[in-house]
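Participant: One structure is given below, represented as structure tokens, and several questions about it will come after.
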Amino acid sequence: MKVLIIDDEKGVLKMYSEYLKGGGIEALQATDGQAGIKIAREQKPDVIFLDIIMPRYNGFDVLKDIKADPELKQIPVFLLTNLPAESSGDKVKSLGAAGYLVKAQYEPKMILDIVKSAATYKENPNPQSEPIK
Amino acid sequence: MRNRTEKIVEIATWVVIIIVIFGVRFLPVKLLDNDSVYILIGGIASFALLYYLVIYKYFARPRRIYLKIIADVVLIGVLIHLLKDYGQYFFALYFLPIAAAALELEFINALLIATIASLFVVFEIFLSSQSLLPERNQYFSGVWQIIIILFITIFCRMLAIQIRQERSAKEESILKQKSLELEAERQKEFLSLTSHQLYTPLSIIRGFVSMLNDGTLGKLTSKQKDAVSEIHTNSVRMVDLVNELLSVSRIQAGTFTLDKKFSRINDIVQGSVDSLCKSKQNNNIKIKVEKGDLSPINIDPNKIRQVMLNLLDNAIKYTKTDVTIRTSAAKDGQVVEIIDQGVGIDQADFEKLFQPFFRGKNILELDNKGTGLGLYISRIIIEKHGGQIWAKNNPDGQGATFSFKIPAM
Chain R
0 MKVLIIDDEK GVLKMYSEYL KGGGIEALQA TDGQAGIKIA REQKPDVIFL
50 DIIMPRYNGF DVLKDIKADP ELKQIPVFLL TNLPAESSGD KVKSLGAAGY
100 LVKAQYEPKM ILDIVKSAAT YKENPNPQSE PIK
Chain C
0 MRNRTEKIVE IATWVVIIIV IFGVRFLPVK LLDNDSVYIL IGGIASFALL
50 YYLVIYKYFA RPRRIYLKII ADVVLIGVLI HLLKDYGQYF FALYFLPIAA
100 AALELEFINA LLIATIASLF VVFEIFLSSQ SLLPERNQYF SGVWQIIIIL
150 FITIFCRMLA IQIRQERSAK EESILKQKSL ELEAERQKEF LSLTSHQLYT
200 PLSIIRGFVS MLNDGTLGKL TSKQKDAVSE IHTNSVRMVD LVNELLSVSR
250 IQAGTFTLDK KFSRINDIVQ GSVDSLCKSK QNNNIKIKVE KGDLSPINID
300 PNKIRQVMLN LLDNAIKYTK TDVTIRTSAA KDGQVVEIID QGVGIDQADF
350 EKLFQPFFRG KNILELDNKG TGLGLYISRI IIEKHGGQIW AKNNPDGQGA
400 TFSFKIPAM
């Protein structure tokens, strides 16, 4: 199983990738939106985790481009950000995101659980939001 | 902008008056003697000079408007009196104030004024047809017409002013509303960015510490494990604290809103219990759930879940006893009760329980287990749903019950 994490914060990339690798999952990393789209097209990951605030090409634009691409639109995209759900939760849901996760409330272990459950999501891709504590 | 419109309207009014006068002037000579026309033109010119050089210059806007109305009324009265013998031509003057209104006001308001004025004309025609008006050649004929026209003029002018004032008040209130919305939007953005900036370092600290704590990054000595476990617990507390402080900031900034959808309270209760049971420190405490038969209800599920977690967390942290959750349907809503077996609540504390930073003790004796904001935020969330939240000691003297009720509609 392949997971792509798009985040400009290297500490975040390192942290989640390390944990996912330990859980037997291949973690691909991209530090900006353009690189993220490129890797997604080449590698076709099973799940994408996407940050919102990134320089030049923000998470909303990346999400729009993923959902507009016929080859990528089936991949569940979870927004993994530190912006509170109140500010952008509805917007990303309308753009077709699979969920909205606030990083500070999701430890790497919980992200691994979500990756595992995303296999089920692929069979039934109804947008659902992870509850925010 | 307003002064400019006012001037344009005035000029247009005068143009109409002059056109009418010249219209009358070029009628067959026998209908009108030249003297009347010169008097009229002289009168209008004097009035224009008086208005623009004296009234307009020396009087403040509200007083000017009234002086202008009086001057208009006098002028139009004089015009009609002088022209009263020349049949329907001077009828144009009837509609000068209406024309002014039409030029100045929105279409629908001008139409309203014109309709009202027309009703007066219809009324005059009706009175005339019933022979209720004095004979044309009588002295009173002119007076009668002047009275009607003055009345129409005053009425239309007053109406126009009232409508204009209402419109300007409405514009002001829209402007005020817009500036409030802008301010709220700014506050919201500020809070979003603040939480982002606070959460970013916290999320990395919490994430890596959780990995150290669960051994993902290698084995730790017993002492290291204790230290890391403390760091982890406190990083989670820090995230919760930031979360609650942001909620309070949103409440105070007035940007705390609900995202309602039809949801099942029983599912929310079960979800909260499951997520609490997952965390290690609550392993020894049993949570029993007694679910009533409840239909979906229009609520913000994430916020109600936050209330559930706050109340449950509270019950577990402070009482360290088993907890029972009971859901039931009431006559006018749905009720959730969280029943603990702790020491109960002091009578004096009931009122202060749901206030911010209340923890049953004075500030120097805080026991540092929570942020002191959970019950306050819970109260705000429930009240935003139009519901109630309360606490009472259990009748058997063992522990307390925290309950909330959400109305069905």
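Protein chains in written order, with numbering that gives the first Met the number 0: chain R, 0 to 132; chain C, 0 to 408.
Ideal Cβ positions, reconstructed from N, Cα and C, are used throughout, including at glycine.
The structure presented is a predicted model; accordingly, all values stated were derived computationally and were not measured.
Could you give the residue range of the beta strand (DSSP E) that holds R339/C?
Facilitator: Along the second sequence, read from residue 1 onward, the residue named residue 339/C stands at position 340. Inspection of the sequence shows that residue 339/C is occupied by Asp rather than by Arg. Residues G332 to D339.
Participant: Give me the subset of the stretch 195-212 of chain C whose CB atoms are less than 7 Å from a CB atom of chain R, sorted by chain position.
Facilitator: With the criterion set as a beta carbon lying under 7 Å from some beta carbon of chain R, the members of the stretch 195-212 of chain C are H195, Y198, T199, L201, S202, I203, R205, G206, F207, S209 and M210, in sequence order.
Participant: Does K102/R come within less than 7 Å of chain C when only Cβ atoms are used?
Facilitator: The sequence position of residue 102/R within the first sequence is 103, counting from 1. So, interface residue.
Participant: Any beta carbon from chain C within less than 7 Å of E25/R's own beta carbon?
Facilitator: Sequence index remark: in the first sequence, residue 25/R carries index 26 (1-based). By this cut-off, E25/R is not an interface position.
Participant: Between the alpha carbons of L78/R and L245/C, how many angstroms are there, rounded?
Facilitator: Here residue 78/R corresponds to residue number 79 of the first sequence, with the count starting at 1. Here residue 245/C corresponds to residue number 246 of the second sequence, with the count starting at 1. Their backbone Cα atoms lie some 20 Å apart in a straight line.
Participant: Nearest-angstrom Cα distance between I4/R and D89/R?
Facilitator: For the purposes of this step, residue 4/R is taken as residue 5 along the first sequence, with counting starting at 1. For the purposes of this step, residue 89/R is taken as residue 90 along the first sequence, with counting starting at 1. Approximately 21 Å between the Cα atoms of the pair.
Participant: Using a Cβ-Cβ cut-off of less than 9 Å, give me the residues of the stretch 241-258 of chain C that come near chain R, in sequence order.
Facilitator: V241, N242, L245, R249, T254, F255, T256 and D258
Participant: Taking only beta-carbon positions, decide if V238/C is within less than 7 Å of chain R.
Facilitator: On the second sequence, position 239 is the one that residue 238/C refers to. Yes - at least one Cβ of chain R is within 7 Å of the one on V238/C.
Participant: Does the Cβ-Cβ distance between R304/C and I267/C come in under 7 Å?
Facilitator: In the second sequence, counting from the first residue as 1, residue 304/C sits at position 305. In the second sequence, counting from the first residue as 1, residue 267/C sits at position 268. For the pair R304/C and I267/C, the CB atoms are nearer than the 7 Å cut-off.
Participant: Should L111/R be flagged as near chain C, meaning a C-beta pair shorter than 7 Å?
Facilitator: To locate residue 111/R, count along the first sequence from 1; it is residue 112. False, the Cβ-Cβ gap to chain C never drops below 7 Å.
Participant: I want to verify the contact list: residues of chain C whose CB lies under 9 Å from the CB of N81/R, in sequence order.
Facilitator: Translated into the one-based positions of the first sequence, residue 81/R becomes position 82. Within chain C, the residues near N81/R are S194, H195, Q196, L197, Y198, T199, L201 and S202.
Participant: Can you check whether the C-beta of S191/C is within less than 7 Å of a C-beta belonging to chain R?
Facilitator: What you label residue 191/C is simply residue 192 of the second sequence in a count that begins at 1. At least one chain R Cβ lies under 7 Å of S191/C.
Participant: At which residue ranges does the stretch 6-33 of chain R contain complete beta strand (DSSP E) runs of 3 or more residues, listed in the order of the chain?
Facilitator: Secondary structure in the stretch 6-33 of chain R: the beta strand (DSSP E) runs of 3 residues or longer, each lying completely within the stretch, are 25-29 in chain order.
Participant: Considering only residues of the same chain and omitting the five flanking positions on each side of Y198/C, which have a CB-CB separation below 8 Å?
Facilitator: Walking along the second sequence from the start, residue 198/C turns up at place 199. Answer for Y198/C: V238 and V241, listed in chain order.
Participant: Determine, using beta carbons only, whether P107/R comes closer than 7 Å to chain C.
Facilitator: Translated into positions along the first sequence, residue 107/R becomes position 108. Chain C, which has a Cβ nearer than 7 Å to the Cβ of P107/R, makes this yes.
Participant: For K383/C, collect the residues of the same chain with a Cβ closer than 6 Å to its Cβ; drop the 5 residues on either side in sequence, then sort them by chain order.
Facilitator: Within the second sequence, numbered from 1, the residue matching residue 383/C stands at position 384. Correct list, in chain order: L257.
Participant: When you check each C-beta in the stretch 311-336 of chain C against every C-beta of chain R, which residues fall closer than 9 Å?
Facilitator: Residues passing the 9 Å Cβ filter: none.
Participant: Can S248/C and L190/C be called in contact, C-beta distance under 7 Å?
Facilitator: Start at 1 with the first residue of the second sequence, and residue 248/C comes out as number 249. Start at 1 with the first residue of the second sequence, and residue 190/C comes out as number 191. Taking 7 Å as the Cβ cut-off, S248/C and L190/C qualify as a contacting pair.
Participant: Assuming Q340/C contacts T320/C (C-beta within less than 8 Å), just tell me the rounded distance between them.
Facilitator: By one-based count along the second sequence, residue 340/C stands at place 341. By one-based count along the second sequence, residue 320/C stands at place 321. About 4 Å separates the two Cβ atoms, so the contact holds.
Participant: Taking 6 Å as the line, does the beta carbon of K287/C fall inside it for any heavy atom of the ligand ZN?
Facilitator: Questions concerning the ligand ZN fall outside what the structure shown contains, since it holds no ligand whatsoever.
Participant: Answer yes if the stretch 200-213 of chain C comes into contact with the stretch 9-26 of chain R, meaning at least three C-beta pairs across the two stretches below 8 Å, and no otherwise.
Facilitator: yes
Participant: Using only the alpha-carbon positions, how far apart do V14/C and I7/C sit?
Facilitator: Along the second sequence, read from residue 1 onward, the residue named residue 14/C stands at position 15. Along the second sequence, read from residue 1 onward, the residue named residue 7/C stands at position 8. Using only the alpha carbons, I get a separation of about 10 Å.
Participant: Does the Cβ of L52/C have 16 or more other Cβ atoms within 10 Å, making it buried, or fewer, making it exposed?
Facilitator: As a first step, residue 52/C must be located in the second sequence, where it is residue number 53. Under this definition L52/C is an exposed residue.
Participant: Is the Cβ of T232/C closer than 7 Å to any Cβ of chain R?
Facilitator: One-based indexing of the second sequence puts residue 232/C at position 233. The beta carbon of T232/C sits no closer than 7 Å to any beta carbon of chain R.
Participant: Given S377/C, which residues of its chain have a CB within under 8 Å of its CB, disregarding the five upstream and five downstream residues?
Facilitator: For the purposes of this step, residue 377/C is taken as residue 378 along the second sequence, with counting starting at 1. Correct list, in chain order: Q305, V306, N309, L310, F353, I388 and F403.
Participant: With DSSP collapsed to three states, give me the class of A328/C.
Facilitator: On the second sequence, residue 328/C is found 329 positions in, with the first residue counted as 1. In the displayed model, A328/C falls within a strand according to three-state DSSP.
Participant: Would you mind reading off the limits of the alpha helix (DSSP H) that contains A67/R?
Facilitator: As a working note, residue 67/R is residue 68 in the first sequence. Looking at the DSSP string, the run of the alpha helix (DSSP H) that includes A67/R is G58 to A67.
Participant: Do three or more CB pairs link the stretch 36-52 of chain R to the stretch 212-221 of chain C at distances below 8 Å?
Facilitator: no
Participant: Which residue wins for smallest C-alpha separation from V335/C, given the options K290/C, D348/C and D345/C?
Facilitator: Translated into the one-based positions of the second sequence, residue 335/C becomes position 336. Among K290/C, D348/C and D345/C, the Cα nearest to that of V335/C belongs to K290/C.
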